[in-house]
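Taking it in order: structure first as structure tokens, then the write-up.
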């Protein structure tokens, strides 16, 4: 009988893989008696691990087998920012930390929904005249907010997701018990409405032709496809959600990458959205805050459940009971982001990543692939030729041939099969080097 | 028909009450059609708001009616730290922020369960030889971790709580759908095991005489009673949980206040605890990180659900899917806390608050009240004479007579009725001033 599990640990991002030593229990257990608590059956439904740690695991395994390649690996995988935080925004963070050492500047618990200053600034700078400060909930990030939204929605709702999509929508729906088991043939969970998004429909879901759902998750600019929805598309989606009585959860985490006209940066630019939509957003990609952790969610006062309860009230209960506010240091950084100097710095940062996206697009096109996204988004979505096999095979082949880490489209749901996602968040020289290797290996 | 809700906003802690302007929607809605999504019925079961915002609301209301008292209010209410972060620990936070501005020091997404350095340091400094780094999950705080544990446990478990207790255990159980409706007579939710903790049983629950629960929440040193469980009591509790197949969730957030011998600082000092216990912990009270946000949860590899699944695996899934790691800046501060210089600073801080607790104890005793806690804990729990009425009445009377904010015991569950909690986290001069006023008003 094994005394300890010695689980291997996957470190995402750039950190190294460091397996832990098995533990020597203080008093050797005579048996590994399981407690009498049943495992939550919803967790048994989850297949495999969360996508990004799995990418890290495969990268690590490759490096264990090929340690000489360690310095050659370039990540175009997880959408993780790599450029330092610019000066003005940094001064906000440093100042936020420093003042905690003074009697006047010290602060403890704040409002669980965020500092009023920051809520007002988000409302004023990003949603002027559309959203009030009280409708903005500041948090530690969009991913965490999606879980908190699910917590509020509960087990009885039916969710609709774009296929492919950011895995958190589906995984949290499964955890909450909204779904049935996964179908081993389609690789889809029962009780989730999968809305195909392919090159044929411009990667925008045709919700009208799908069964009604209570909650519709829509991400634009999209992760992973890089598609940015037009105003026309969003008008139609809001109209549909209104007609069908659905709540639209709009994930706008990549909004600052939008440079095209007629591509809304917020769902609340669409008339009527205040009656049906929630917007989830984040400073992660705005200002390189992926590790700093700051986001927000907007819930308009208009939005109500069928019994008339404002959705905002229940979300406020989740925030105050199950969350304790984003770090006061980090919120000080958020305030700096939204000053004019901070906004300028953000523009420069985004320009840099958009430049990377352009290089990736042009490279993959020059190889002869069909390429999507990467214009108003940091992700380039590449259609793989059938000769590459499935997208996990292509991921592995590219890793082995070029030491470039990508993300297989299938990792974002069955609809992503046959595609590869490239992230533009790497440093410029790495992007250029990766492109040269890809050209050599794939042409 | 009202067009906007103009919800009033309660700001906890020292911040001011700032009601928001009602919003003017961009396009006046012609109707406030509710969406067709049913409200999660578990949220309808929750009675009232979360406790601490409610305290803030009453304080605010009092000040609106008595604006001349604004500068006289002293809070012995919410357990919110007030002393600046000491120099060495602060340098960890400032350094953690500053280095994000450099190419070499920048970091994005980290492991969702925390930086390996910090996990190792927590294991080494606080659980040496008992707990391995891989069993430590770093987070943004104990409150948030309790919700994530509930997320993992799911809707089907029965929870047992101390009565009175920190409200988050019960509220999150209700949110998860583990409970029935509240009983308007007992003020207890159906399907929760309330374990009375009163002066008669030394505020330690007699779990053996209660129905079996899947999950037993135990907080020591206790919030709100200030009782610190002895080794003997914890040995018995671990034994009972093992016999009954319960998981013990041990909330050790106030452990650094323990100065007495034979009072364990961690449940893992108890033999066999690795088979049955989870420990939730936090830097909030260690180092004044209430606003900074850093905590951790320990899940030993030994702990398994009835089907043999390691509990740690499912918690890792929650952390990686529904959380994105504590802020890298804040984790740098956590590392500093656990250096020798940081640990010394923490001791000095805790001494200061324990000094406050002593003053509060002695004052309330001198008035003639029965007083509990405040020795190995920052909370003093005062038995109210019947002449004061219920604990909410006493709260109100004391606020009006002395402008001292306390917390009524009933806010922590029906078992807290007849008691008042005083927090030792105020500045020393405020504590002394509050005590003088209480003596005058209550003698």
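Chains as they are written, first to last, in our numbering: chain A, 36 to 478; chain B, 36 to 478. Heads up, the beta-carbon is just placed ideally off N, CA and C, and yes, glycines get one too. Predicted model only: the values in this text are computed from it and were never measured.
| query | result |
| --- | --- |
| By the 10 Å Cβ neighbour count, where 16 or more other Cβ atoms means buried, how is residue 442/B classified, buried or exposed? | buried |
| Counting contacts by CB-CB distance shorter than 8 Å, is residue 216/A in contact with chain B? | no |
| Mapping DSSP to helix, strand and coil, what is residue 310/B? | helix |
| Measuring CB atoms only, is the stretch 464-476 of chain A touching the stretch 119-136 of chain A, in the sense that at least three cross pairs come out at less than 8 Å? | no |
| If you draw a straight line from the C-alpha of residue 170/B to the C-alpha of residue 343/B, how long is it? | 17 Å |
| Given a limit of 8 Å on CB to CB distance, which residues of the stretch 115-142 of chain A reach chain B? | 115, 116, 117, 118, 119, 120, 121, 122, 125, 128, 129, 131, 132, 133, 135, 136, 137, 138, 140, 141 and 142 |
| Express the C-alpha separation of residue 212/A and residue 141/A in angstroms, rounding to a whole number. | 42 Å |
| If you measure from the beta carbon of residue 75/B to each beta carbon in chain A, is any gap under 8 Å? | yes |
| Taking residue 424/B as the reference, which of 439/B, 455/B, 87/B and 405/B has the closest Cα? | 455/B |
| Could you pull out every unbroken beta strand (DSSP E) segment of at least 3 residues lying fully inside the stretch 178-253 of chain A, listed in chain order? | 194-198 and 227-231 |
| Among 109/A, 368/A and 224/A, which residue has its Cα nearest to the Cα of residue 434/A? | 109/A |
| Report the three-state DSSP secondary structure of residue 93/A (helix, strand or coil). | helix |
| Which same chain residues, not among the five before or five after residue 265/A, have their C-beta less than 7 Å away from its C-beta? | 297 and 298 |
| Alpha carbon to alpha carbon, how far is residue 180/B from residue 306/A? Give it in angstroms, no decimals. | 38 Å |
| Judging by CA-CA distance, which residue of 329/B, 335/B and 323/B is the nearest neighbour of residue 314/B? | 335/B |
| Quick check on residue 102/B: buried or exposed, where buried means 16 or more other Cβ atoms within 10 Å of its Cβ? | exposed |
| Just mark residue 13/A as buried or exposed, buried being the case when its beta carbon has 16 or more other beta carbons within 10 Å. | This structure does not reach residue 13/A, given that chain A is present from 36 up to 478, and the question cannot be answered. |
| In whole angstroms, what separates the C-alpha of residue 61/A from that of residue 283/B? | In this prediction, residue 61/A scores a pLDDT of 34, lower than 50, which makes its location untrustworthy; no coordinate-derived value is stated. |
| Cβ atoms of residue 458/A and residue 114/A: under 8 Å apart, would you say? | yes |
| Tell me where the beta strand (DSSP E) around residue 332/B begins and ends. | 330-333 |
| Alpha carbon to alpha carbon, how far is residue 223/B from residue 451/B? | 12 Å |
| Let me know the secondary structure DSSP gives residue 71/A once reduced to three states. | coil |
| Just to confirm my understanding: we take residue 445/B, look at its own chain, exclude 5 residues before and 5 after, and list those with CB closer than 7 Å. What are they? | 425, 426, 427, 451 and 452 |
| Could you compute how far the alpha carbon of residue 461/A sits from the alpha carbon of residue 333/A? | 30 Å |
| Residue 139/B to residue 188/A, Cα distance in whole Å? | 42 Å |
| For residue 144/A, decide whether its Cβ has a neighbour in chain B, counting only Cβ atoms nearer than 8 Å. | yes |
| Buried or exposed: where does residue 133/B fall if 16 or more other Cβ atoms within 10 Å of its Cβ makes it buried? | buried |
| What do you reckon, are the CB atoms on residue 410/B and residue 319/B nearer than 8 Å? | no |
| List, from N- to C-terminal side, the alpha helix (DSSP H) runs of 4 residues or more that fit wholly inside the stretch 108-158 of chain B. | 122-133 |
| Is there a Cβ from chain A that is less than 8 Å from the Cβ of residue 81/B? | yes |
| Going by DSSP in three states, residue 460/A sits in which element: helix, strand or coil? | coil |
| Just how far apart, CA to CA, sit residue 358/A and residue 472/A? | 45 Å |
| Under 8 Å Cβ to Cβ from residue 402/A, same chain only, skipping five residues before and after it: list those, please. | 473, 474, 477 and 478 |
| Restricting to Cα atoms, I'd like to know which of 393/B, 353/B, 167/B and 382/B is closest to residue 184/B. | 353/B |
| Look up residue 406/B in the DSSP assignment and say whether it is helix, strand or coil. | strand |
| List the residues of chain A that residue 88/B touches, going by C-beta distances under 7 Å, in chain order. | 355 |
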